[in-house]
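Below is one structure, written out as structure tokens, with a few remarks after it.
2 protein chains.
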Amino acid sequence: MSAVEEGELPAGNGPNGATAPVQSVDRALTILELLAHDGESSVTEIAAGLGVHKSTAFRLLATLEAHRLVEQVNDRGRYRLGVGNLRLAGATTARLDVVSEARPVCRQLAADTGETVNITVRSDTSALYLDQQAGSSALQSHNWVGQRIPLHATSNGKVLLSELSETDLAKALPDLPRFTDRTITSRRAFTEELAEVRRLGYALAVDELEVGLTAAAAPIRSAHGDIIASMSISGPTFRLDDERLADEVPKMVAAALEVSHRLGWGRRS
Amino acid sequence: MSAVEEGELPAGNGPNGATAPVQSVDRALTILELLAHDGESSVTEIAAGLGVHKSTAFRLLATLEAHRLVEQVNDRGRYRLGVGNLRLAGATTARLDVVSEARPVCRQLAADTGETVNITVRSDTSALYLDQQAGSSALQSHNWVGQRIPLHATSNGKVLLSELSETDLAKALPDLPRFTDRTITSRRAFTEELAEVRRLGYALAVDELEVGLTAAAAPIRSAHGDIIASMSISGPTFRLDDERLADEVPKMVAAALEVSHRLGWGRRS
DNA sequence: CCGCTGAGTTGCGTTGTCCGCAACGCATTG
DNA sequence: CAATGCGTTGCGGACAACGCAACTCAGCGG
């Protein structure tokens, strides 16, 4: 089959530089990522994406299908992600106390404010979105769950970084790429911003990641007092102006505090 | 740990009888299922569960870890499901119009009624829970998302079966096991129950799956008018008595209808 | 203090498994 | 009706994955 463009992927390794000792499994999991990205693909497309023969891709797909991680749309047709993923994700979040404790609080906050509420944790150099409760407003952003977002241009990121030691901070922030005019790109300015976050107890990000997008975030603390997650509300800048923020931010801070309490923070043993 | 019950799995095949042509991938995916079931496991436990050598299990885990589908708790420690699953699940539900359209409606209904709201579809011989919005009441059931539940003992199942042809119905219901005194186990009685569901436009299930659990469900229809999913509210029987149901069921039927409309049902093109 | 146990991790050689090939069935299309 | 494209399947060679055994490291009890 004609010209497979070589090297579409790092060739035999996981998405990052980590080692992936079992080739076929690595390929199978890459298929899942391809499908997550493209939504729906044919066997031939997937084979091309992996740089393998059609039959190989087919067998990998059949194995994934046996575990319901993929399914085909019409008995003999294209493939897409299957419901097995939902079960795995359910088991994943069941493990994370944060999400299960935070979910009802988030829902309430989303209802109170009408804006989108997110829970994030830090994962190396990114903010990782664990859960999202969409606001009631018609205009709202897409689902960010599972996405990785830069730390220095988001309110969640600022909160997650706010109490790190200098060395940890350096590791978590190798660089500060610019996204908009208002992105903080100077390390000195960012350090001052973090001090402000510590002082206020919450963080803001207005048009820093994307023009027209405003977010505010507050820390969620473990029983030990460490910041283990961040809760944010976000929406279009025109709707979340200063006046509106003055109303909503205290609610969000209170909600984050409530979750921290549920996790055992500030509880006398 | 000690004493592996023999034959935990059909040995080299997927959970069902389907063929899984790629052994290593099949094993890797089985690891995910083991972790989903047990929450957290050691390499040795996983190796025992698979019936393979420790090193094999380790390499499979390393590959899964490269894709963030598993992670270890303490750099050198036990393994558990990783955040990559959340991303895959996000991509899976993004694909399912039903969930994204239904979620805001469900949240509203959960807030209005204070009870748990679920969205399910049929998957062969089970009802599959796609999404859940917990009610505001303190007493509420656990998260069912990704679980598979019998069709004949649940309100959702009755709705999903209610407009099937006789042959499809036979395929979807090989048998009718009993769960409680009130479970319908006669095929004739069940057929009559389905007729009643069609007449009323919704289904009830009181103590049929589990004593003390009551649920009511209504159909969600595609643009073609087919029943593609079911929406339910459920709660403890003592709270959902006849009087209460008389209040809440119409709300639920209306909510399901709203979702059907969003999906294009009854819309003039 | 030190050896012992049990955990996760890592070279190495062999073999069994997975891959690429090519042929097939089945739609859809000209 | 031939032609093309898809997803699917038998087959044999080769390489990748497996099992083995040795290693590192923590915890623990002697």
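Chains as they are written, first to last, in our numbering: chain A, 1 to 269; chain B, 1 to 269.
The C-beta atom is built at its ideal place from N, Cα and C for all residues, glycine as well.
Among all the DSSP beta bridges, which residues are the ones paired with residue i?
| i | result |
| --- | --- |
| residue 74/B | Answer is none; residue 74/B lacks a bridge partner. |
| residue 227/A | 221/A |
| residue 149/B | 127/B |
| residue 214/A | 206/A, 235/A |
Using DSSP with H/G/I as helix, E/B as strand and the rest coil, what is residue i?
| i | result |
| --- | --- |
| residue 89/A | helix |
| residue 81/A | strand |
| residue 20/B | coil |
| residue 57/B | helix |
| residue 184/B | coil |
| residue 235/B | strand |
| residue 98/B | helix |
| residue 178/B | coil |
| residue 117/B | strand |
| residue 131/B | strand |
| residue 125/B | coil |
| residue 257/A | helix |
| residue 30/B | helix |
| residue 141/A | Residue placement at residue 141/A is poorly supported in this model, since its pLDDT is 49, which falls under 50; the coordinates still yield a value, given next. Three-state result, residue 141/A: coil. |
| residue 263/B | coil |
| residue 41/A | strand |
| residue 162/A | coil |
| residue 69/B | coil |
| residue 35/A | helix |
| residue 173/B | coil |
| residue 109/A | helix |
| residue 64/B | helix |
| residue 157/A | helix |
| residue 240/B | coil |
| residue 52/B | coil |
Can you tell me which of the options puts its alpha carbon nearest to the alpha carbon of residue i?
| i | options | result |
| --- | --- | --- |
| residue 52/B | 67/B, 77/B, 26/B, 74/B | 26/B |
| residue 132/B | 149/B, 124/B, 107/B | 107/B |
| residue 217/A | 182/A, 186/A, 79/A, 249/A | 249/A |
| residue 229/B | 245/B, 102/B, 168/B, 74/B | 102/B |
| residue 31/A | 21/A, 80/A, 257/A | 80/A |
| residue 222/B | 202/B, 245/B, 96/B | 96/B |
| residue 194/A | 219/A, 20/A, 213/A, 214/A | 219/A |
| residue 94/B | 85/A, 57/A, 29/A | 85/A |
| residue 72/A | 35/A, 87/A, 100/A | 35/A |
| residue 57/A | 192/B, 60/B, 21/B | 21/B |
| residue 203/A | 168/A, 246/A, 134/A, 111/A | 246/A |
| residue 188/A | 166/A, 200/A, 70/A | 166/A |
| residue 227/B | 241/B, 98/B, 240/B, 111/B | 98/B |
| residue 115/A | 253/A, 264/A, 239/A | 239/A |
| residue 69/B | 82/B, 78/B, 244/B, 62/B | 82/B |
| residue 33/B | 120/A, 88/A, 243/A | 88/A |
| residue 77/A | 237/A, 253/A, 62/A | 62/A |
| residue 164/A | 234/A, 186/A, 213/A, 225/A | 225/A |
| residue 253/B | 29/B, 200/B, 169/B | 200/B |
| residue 113/A | 40/A, 251/A, 264/A | 251/A |
Please list, in chain order, all residues of the same chain as residue i whose beta carbon is under 6 angstroms from its beta carbon, the five residues on each side excluded.
| i | result |
| --- | --- |
| residue 198/A | 162 |
| residue 118/B | 129, 132, 232 |
| residue 209/B | 153, 154, 179 |
| residue 211/A | 180 |
| residue 109/A | 117, 255 |
| residue 38/A | none |
| residue 260/B | 220, 221 |
| residue 182/A | 207, 208 |
| residue 273/B | Outside the displayed span of chain B (1 to 269) sits residue 273/B, for which this structure offers no information. |
| residue 105/A | 255, 258, 259 |
| residue 205/A | 154, 155, 215 |
Looking only at its chain, what residues have a beta carbon closer than 8 angstroms to the beta carbon of residue i, apart from the 5 residues adjacent to it on each side?
| i | result |
| --- | --- |
| residue 151/A | 122, 125, 126, 127, 157, 158, 160, 161, 172, 173 |
| residue 190/B | 152, 173, 176, 184 |
| residue 54/A | 1, 43, 44, 47 |
| residue 75/B | none |
**OP:** May I ask you to list, following chain order, the residues of the stretch 74-91 of chain B that have a beta carbon less than 8 angstroms from some beta carbon of chain A?
**Re:** Those would be 80, 81, 82, 83, 84, 85, 86, 87, 88, 89, 90, 91, in chain order.
Original post:
Relative to chain B, which residues along the stretch 50-64 of chain A have a C-beta separation below 8 angstroms, given in chain order?
Top reply: 59, 60, 62, 63, 64
Original post:
Taking Cβ-Cβ distances below 7 angstroms as the criterion, which residues of the stretch 234-251 of chain B are in contact with chain A?
Top reply: none
Original post:
When you check each C-beta in the stretch 179-194 of chain B against every C-beta of chain A, which residues fall closer than 9 angstroms?
Top reply: Listed in sequence order: no entries.
Subject >> Cβ-based contacts, 7 angstroms cut-off: residues of the stretch 111-134 of chain B near chain A >> reply: 111, 123, 128, 130, 134
**OP:** Determine which residues of the stretch 20-48 of chain B have a Cβ less than 9 angstroms from any Cβ of chain A, and write them out in chain order.
**Re:** 20, 21, 22, 23, 24, 25, 26, 27, 28, 29, 30, 32, 33, 35, 36, 37, 39, 40
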